[in-house]
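First comes the structure, then the notes that go with it.
Protein chains: 2
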Amino acid sequence: MADKRIFNFNAGPAALPLPVLEEIQSSFLNFNGSGMSITEISHRSPWFDQVINDAVDRTKRLLNLDDRYHVLFVQGGASLQFAMAPMNFLTDGKSADFVNTGTWSTKAINEAKILNKNHSVVASSEDRNFCYIPKDIRFNPDAAYAHITTNNTIKGTQWHTFPDTNGVPIMADMSSDFMSRPLDMDKFGMIYAGAQKNIGPSGVCMVIIRKDLLETANNEIPSMLRYSTFASKNSMYNTPPCFGIYTIQLVLKWLEETMGGLEKMEAHNQAKGKLIYDLIDNSDFYRATADKDSRSLMNVTFRLPTEELEKSFIEKATAKGLGGLKGHRSVGGCRASIYNAATMEAVQALVEFMESFKKES
Amino acid sequence: MADKRIFNFNAGPAALPLPVLEEIQSSFLNFNGSGMSITEISHRSPWFDQVINDAVDRTKRLLNLDDRYHVLFVQGGASLQFAMAPMNFLTDGKSADFVNTGTWSTKAINEAKILNKNHSVVASSEDRNFCYIPKDIRFNPDAAYAHITTNNTIKGTQWHTFPDTNGVPIMADMSSDFMSRPLDMDKFGMIYAGAQKNIGPSGVCMVIIRKDLLETANNEIPSMLRYSTFASKNSMYNTPPCFGIYTIQLVLKWLEETMGGLEKMEAHNQAKGKLIYDLIDNSDFYRATADKDSRSLMNVTFRLPTEELEKSFIEKATAKGLGGLKGHRSVGGCRASIYNAATMEAVQALVEFMESFKKES
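Those sequence lines, one after another, are chains A and B. The first sequence runs 1404 to 1764 under my numbering. The second sequence runs 1404 to 1764 under my numbering.
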């Protein structure tokens, strides 16, 4: 079946590494000699302990995390984090700073509003339809945290350097570029990432949280909404999303052992992005939608001269086995999502198609 | 690999029907001709629409649900429902009645307490260590809902008839016996069920909610904690747990088309339970822990004359390919979980082993 697979440019759920999918498939009826599927084993078994602990260990190695951090697996996606973070950390009148770079940041701000939590929007790129990442932001030194969305899947923007926040810990929604590059973890108090872009299937969200921040959390909220519940039980207060965590473990293994870690992954992602952006920049047929210094290496958003041409581009690409190139329904246009698992072969096939479509049109 | 599979008596995550696992495996690299894995397709695609809509339609047919009900898929397991239910329905001083039949009911009550919500525990079987289901309960006619846990996996108890609640809608945690028998839905305002016992893998919780009850819900809480968010977006306000919903769809298809619906499933479950309970009742070696009229057809909990014999029983059973027979860590003893997917062949193998172990001991 593998030979009939398409080049998958979906924004998420997105392409996963083929060797990972093949490993899941081959052991699906009998995981690691257990005589059961990974979907049938107890989360209280040595088999699953090995899976979750290996996923945590690999995360720590890949990101050079020391013992100051917890690595947690939570359900509900980034959307639940938008609420959990203020519920845990904005008590006793504390306030958070938000940078608004589009839909996902806006949603995070909105949940703080629903909860009646103090917050400031210290910068926004709404004035130009979120096509850039704001610079020279002044953060409040007494904020509990500074919230940013590191990559915007819809507008195709990405933070390439992280701001100086006056010592305030950054809380980053990294759903769409997590594990795509090395990080200077000293800047971050918390990172959360829905798995379904870069590290696994939908239904599990990784949360990395610094212990000193966790110690300030409100524990008078429901058990499943407290980070401390997850931290004290190795993410197994209740039954975790076992299949998702298992898939993450395999993706992290691939990232570490096959791709060679985050420096190499970043170089690979830069090479892939350069291929497409160079074509766009050397053309007056394709037009990138994000400012050059804010362009995402994960989601390349672009327009063609007309909507008719865009429709035809997407249809013909689909017919050639290049899938998922339609822009988000809220903005239209085209989008090529080239997360970690998008291969150079896939990107080359896309670039060749873009060249030939331009010539034909 | 299928021939090296064990007989799986785990309490959850638990055995899934082998034909379902085989279908997932065979299409894992290329779902339904999409050229992508089910873990890689967009939740906004026609492929996934078909999956989620079919899962909803089959649920409605299996339970004879009319248009008064929503069928939703939520993350966070039953444990998150313990908090979401009071957050949504216990506003403006409203109160809920709870029946405490053990660990899971106790946890549900505890979340209402954490949230400072009005509630009454109208009955409890704690006086005899939760070994029975209370009878002749007087519910408060002005309660917003009456909460019960229909099956207790740890104590091996199950409600065999549902109480008269003075017209108050029952809210039932059915995680461990959902879809094991037909239901008179008129009694229920809401049912929730973590999938990992009877209908799928961990990481997705099905919620069935009556629309008139939903209309009374509080909408001034975070988006991901409002049932209305899920109801208004066909469970796709954010990316749903696609793999879990897909597996549920296949399990429901198996339930409907292979097993022949809930009446037949119930008869099958009764026959399986009878085999084990008859052996226990005709023996003075094995002893059932739950009162006879409250015994679960899903989790058969029993003791042997000594803890040493129990240890040896579990070890020898495991060696013979009968897995997951250890009682919950909080109570000890033995437990055979025989959910829908446990086959008659598995139960017969267990009964034969129990007979031979008794003779040897």
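Glycine included, each C-beta is placed from N, C-alpha and C at the ideal position.
From the beta-carbon of G1736/B, no residue of chain A is found nearer than 7 Å; the closest lies around 16 Å away.
Using beta-carbon distances, T1462/B does not count as an interface residue toward chain A, since no partner is under 8 Å.
Distance between F1501/B and D1615/B, taken at the CA atoms: about 21 Å.
When CB distances to chain A are screened at a threshold of 9 Å, the residues of the stretch 1409-1436 of chain B falling below it are I1409, F1410, N1411, N1413, A1414, G1415, P1416, A1417, A1418, L1419, L1421, L1424, E1425, I1427, Q1428, S1429, S1430, F1431, L1432, N1433 and G1436, in chain order. Think of a sphere of 9 Å around the beta carbon of A1511/A: no beta carbon from chain B falls inside it, the nearest being about 11 Å out.
Taken through DSSP and simplified to helix, strand or coil, M1747/B comes out as helix.
Here DSSP, grouped into helix, strand and coil, assigns C1608/A to strand.
Looking at the backbone, the Cα of P1544/A and that of K1590/A are separated by about 14 Å. Between F1705/A and G1736/A, the CB-CB gap stays under 8 Å. Going by DSSP, N1521/A is part of the beta strand (DSSP E) stretching over N1521 to S1527.
Within the stretch 1446-1462 of chain B, the residues whose Cβ lies closer than 8 Å to any Cβ of chain A are, in chain order, H1446 and R1447. Pairing C1608/B with H1446/B gives a Cβ-Cβ distance that is not under 8 Å. Residues of the stretch 1485-1508 of chain B with a Cβ closer than 7 Å to any Cβ of chain A, in chain order: A1486. Within chain A, the residues S1605 have their CB atoms less than 7 Å from the CB of P1643/B, given in chain order. Counting the other Cβ atoms within 10 Å of the Cβ of E1443/A gives 16 or more, which makes it buried. The count of Cβ pairs closer than 8 Å, one atom from the stretch 1596-1611 of chain A and one from the stretch 1412-1421 of chain A, reaches three, so the stretches are in contact. Put simply, the CB of G1727/A is near chain B, with a gap under 8 Å to one of its CB atoms. Not a single CB atom of chain A sits nearer than 8 Å to the CB of F1716/B.
Approximately 4 Å separates the beta-carbon atoms of A1458/B and Q1652/B; this is inside 8 Å, confirming the contact. Judged by DSSP secondary structure, Y1548/B falls within the beta strand (DSSP E) whose first and last residues are Y1548 to T1552. Three or more beta-carbon pairs drawn from the stretch 1526-1546 of chain B and the stretch 1564-1583 of chain B are found closer than 8 Å, and the two stretches are therefore classed as touching. Going by DSSP, T1704/A is part of the beta strand (DSSP E) stretching over N1702 to R1706. For G1603/B, no beta strand (DSSP E) run applies, since DSSP gives it neither H nor E. Remark: fewer than three beta-carbon pairs, one from each stretch, lie closer than 8 Å, so the stretch 1509-1528 of chain B and the stretch 1592-1602 of chain B are not flagged as touching. Listed by position along chain B, the residues whose Cβ is nearer than 7 Å to that of L1483/A are M1627.
With a 10 Å radius around the Cβ and a threshold of 16 neighbouring Cβ atoms, S1482/B comes out buried. In this structure the stretch 1479-1495 of chain A lies against the stretch 1627-1634 of chain A, because at least three pairs of beta carbons, one per stretch, are closer than 8 Å.
Of A1549/A, M1577/A, S1579/A and G1496/A, the smallest CA-CA separation from P1566/A is found for A1549/A. P1422/B sits away from T1746/B, with the two beta carbons spaced by 8 Å or more.
Residues are counted here when their Cβ sits less than 8 Å from a Cβ of chain B; for the stretch 1642-1674 of chain A these are T1642, P1643, P1644, C1645, F1646, G1647 and T1650, given in chain order. Boundaries of the beta strand (DSSP E) around Y1595/B: F1591 to G1597. Under the three-state reduction of DSSP, S1740/B is assigned to strand.
In this structure, M1439/B keeps its C-beta atom at 8 Å or more from the C-beta atom of N1601/A.
For I1741/A, not one C-beta of chain B is nearer than 8 Å to its own C-beta.
No Cβ of chain A is located within less than 8 Å of the beta carbon of T1704/B. In summary, R1408/B is buried, with 16 or more beta-carbon neighbours lying within 10 Å of its beta-carbon over all protein chains present.
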